[in-house]
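Numbering (the numbering used here), first residue to last: 20 to 743.
Backbone N, C-alpha and C fix where the C-beta goes; we use that ideal spot for every residue, glycine too.
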């Protein structure tokens with residue numbers, strides 16, 4: 020019997036009472052979560068009045084994140100409970116939740132009543148006024164008048180955006196030279212006048228918010244309890260969560276089935292459906308356009324019928340996004356820079372094999388050197404019944420590349436969010452002789468060391484590891500180890516993600532609980548350990564700093580661990596003895612200066628750098644004009660600017676070969692598949708080639724490894740590019 024199971028049984032015995040009312044259930048779950056957090060979480064934090072105060076703040080944030088319902092006086096009234104929440108967690112007597120629900124419901128009902136009134140009138144789009152959309156730049160409102168005025172502006176903003184999108188769509192239809200398409204469109208939908216479009220936009224927004232408020236008002240007590248429990252868990256760190264049964268479908272949209280359709284992981288973000296991951300190999304990943312942090316506002320099926328997703332649960336929204344392979348769906352999304360875009364995606368089955376390791380031989384026409392390129396989308400292990408794992412797949416690709424006599428290898432871990440810790444250790448061992456790879460410290464201070472005990476080395480040549488801000492966990496362990504051993508040069512933008520923690524999922528459906536309540540009780544995901552490199556420094560919070568930093572296409576976003584509330588801090592422990600690689604005879608400083616010079620002189624990089632600066636500015640410019648003339652002008656200028664940053668030119672000097680064998684290995688072709696293989700492969704190869712030829716950072720990594728190879732061959736290079 021596990022310690023956690025014993026804990027559950029002891030708590031059941033401790034809590035008196037023969038009947039299991041809602042209060043008793045809440046009491047039991049609250050006590051289990053309290054004891055699990057105190058006994059298992061890495062922080063070792065006791066739940067007391069200080070934690071209670073922080074949990075109060077987290078609860079208010081979760082219940083009214085956008086600061087659009089509660090007034091300052093509502094929060095002041097609730098604040099009398101802020102030091103009592105820990106006691107209510109233990110007792111199950113949630114007087115605070117009752118008061119909080121009452122206050123929130125009252126405000127929602129008031130705003131819903133106001134909506135009915137305000138949408139009976141037309142909005143004045145010629146008036147000069149604006150709305151601040153960033154809640155971080157606003158405080159809670161003081162009066163009901165202020166609150167209603169903000170909602171008036173928000174309603175007006177949404178109607179304006181929807182109307183402008185309709186006008187743009189009408190304009191694009193006029194430019195459509197395909198007469199057949201035009202005829203079809205004429206049959207399906209009547210041309211609307213400007214007045215009709217305004218009315219339709221207004222009615223659509225009104226209906227959207229009516230549904231949104233209805234959903235909020237229908238929230239049951241268990242939803243408030245779930246938020247209450249998560250308010251405590253999030254005080255510990257952002258990766259510790261109570262997972263209620265009804266939320267599992269929302270948050271467990273994983274690669275095993277829910278990703279079939281467009282190939283994206285979605286979650287609720289306030290009233291919106293947010294893209295949190297694009298699945299490698301999925302329809303959205305291949306067809307491009309949809310990106311992480313996009314908000315999907317609306318979808319349209321092939322028949323043209325549109326469905327508003329704002330205010331909808333993610334489980335319900337997914338039903339409108341999924342569909343049979345080959346069918347098309349239009350997504351109307353709001354980009355992170357505030358722009359709107361319509362993206363059409365042809366649905367497809369998300370092949371699990373698309374997440375497997377793949378490789379190619381890359382060669383620049385102007386150089387004789389051949390570079391092996393290995394893409395590792397994630398660290399998978401026992402992914403299928405055939406016990407497949409990424410380490411063995413990388414081993415296969417290395418052998419394939421060695422047979423082609425490549426001069427160096429680039430290992431691409433960009434967007435690799437991690438996976439099996441075992442493979443971070445084993446994959447490191449493919450490139451070093453032996454020694455410690457990572458240290459793991461538990462909440463009690465005990466340290467375990469994972470070591471590579473295999474003295475053989477799979478590959479001894481020049482090696483680059485590519486990373487970005489989405490490379491996390493196991494990716495950071497591998498990159499950190501190869502950097503510490505001086506075995507590889509790490510190349511990427513600023514720092515990796517910075518997730519250096521381990522979570523355990525504690526199942527609440529242990530025998531006693533399941534038999535007592537007869538239903539799923541959910542689970543608790545708890546951070547129990549931290550990773551440390553062999554040097555003793557943590558990968559948590561700061562991540563891995565590349566040896567050579569390149570411009571990051573997503574440098575304008577706040578998506579790293581350090582951007583999350585309550586993330587565990589960076590620290591260090593004692594180092595472990597290890598023997599660095601002695602064959603790295605290049606100067607990182609010289610390689611860096613040569614790379615910096617190439618980046619500075621590359622006009623494509625100038626576009627990228629300019630786009631990052633522009634988007635950083637747009638991210639901070641969250642005050643939106645509600646004057647239609649000004650809004651149109653701003654949108655026109657924004658679109659023009661974004662278009663000027665597009666990097667569409669392919670570097671035709673890059674030759675790509677040996678992809679077919681790698682892809683066949685990845686998808687494990689069965690007998691009889693060869694007939695259909697060519698068409699599928701040609702399309703995949705076309706996409707693969709285009710990605711590589713438009714990937715500036717991969718091409719610069721090739722230049723860097725050329726320099727490394729030349730040094731290894733005895734050629735002297737200097738920081739001055741013109742000198743050699």
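Cα-Cα separation between residue i and residue j, rounded to whole angstroms
i           : j           : result
residue 466 : residue 434 : 29 Å
residue 438 : residue 150 : 42 Å
residue 608 : residue 736 : 12 Å
residue 551 : residue 471 : 16 Å
residue 475 : residue 395 : 22 Å
residue 142 : residue 126 : 23 Å
residue 277 : residue 374 : Note that residue 277 scores 35 on pLDDT, short of 50, meaning its location in the model is unreliable and no value can be drawn from it.
residue 252 : residue 348 : 38 Å
residue 62  : residue 117 : 30 Å
residue 448 : residue 710 : 29 Å
residue 501 : residue 413 : 15 Å
residue 129 : residue 663 : 46 Å
residue 672 : residue 294 : 35 Å
residue 272 : residue 734 : No answer about residue 272 holds up, because its pLDDT of 34 lies below 50 and its placement is not dependable.
residue 739 : residue 604 : 19 Å
residue 79  : residue 238 : 16 Å
residue 646 : residue 183 : 12 Å
residue 495 : residue 356 : 29 Å
residue 756 : residue 60  : No answer is possible for residue 756: the residues shown for the chain start at 20 and end at 743.
residue 462 : residue 548 : 6 Å
Whether residue i touches residue j by CB criterion (7 Å)
i           : j           : result
residue 218 : residue 245 : no
residue 579 : residue 517 : yes
residue 503 : residue 554 : yes
residue 725 : residue 179 : no
residue 250 : residue 77  : yes
residue 587 : residue 256 : yes
residue 512 : residue 440 : no
residue 676 : residue 484 : no
residue 330 : residue 231 : yes
residue 309 : residue 362 : yes
residue 75  : residue 123 : no
residue 520 : residue 559 : yes
residue 314 : residue 360 : no
residue 322 : residue 227 : no
residue 398 : residue 493 : yes
residue 367 : residue 302 : yes
residue 430 : residue 456 : no
residue 428 : residue 477 : no
residue 490 : residue 432 : yes
residue 378 : residue 681 : yes
residue 91  : residue 159 : yes
residue 44  : residue 57  : no
For residue i, the three-state DSSP class (helix, strand or coil)
i           : result
residue 526 : strand
residue 549 : strand
residue 3   : The structure shown does not extend to residue 3, since the chain is modelled only from 20 to 743, so the question has no answer here.
residue 255 : helix
residue 161 : coil
residue 333 : helix
residue 76  : helix
residue 286 : strand
residue 491 : coil
residue 741 : helix
residue 451 : coil
residue 273 : Here residue 273 scores only 37 on pLDDT, less than 50, and its place in the model should not be relied on; the value that follows carries that caveat. In this structure, residue 273 counts as coil in the three-state DSSP scheme.
residue 278 : Since pLDDT at residue 278 reaches only 45, below the 50 mark, its modelled position is unreliable, and no value is offered.
residue 196 : Summary for residue 196: the model assigns pLDDT 49, below 50, so the residue's position carries little reliability, and this model does not support an answer.
Cβ distance (whole Å) where residue i is taken to contact residue j below 8 Å
i           : j           : result
residue 408 : residue 453 : About 20 Å separates the two Cβ atoms, so there is no contact after all.
residue 719 : residue 614 : 6 Å
residue 715 : residue 627 : 6 Å
residue 350 : residue 364 : 7 Å
residue 281 : residue 340 : 6 Å
residue 557 : residue 584 : Residue 557 to residue 584, Cβ: 19 Å. No contact.
Cutoff 7 Å: residue i Cβ touching any chain C Cβ
i           : result
residue 677 : Absent from the structure: chain C. Only one protein chain is present.
Contained beta strand (DSSP E) runs [length at least 3] in the segment 588-651, N- to C-terminal order: Counting only runs of 3 or more, we get 642-644.
Runs of beta strand (DSSP E) wholly within the segment 359-399 (minimum 3 residues, chain order): Counting only runs of 3+ residues, the beta strand (DSSP E) found wholly inside the segment 359-399 occupies 359-365, 377-383 and 389-394, in chain order.
Length-filtered (4 minimum) alpha helix (DSSP H) runs lying within the segment 98-150: The segment 98-150 contains these whole alpha helix (DSSP H) runs: 104-110 and 114-137.
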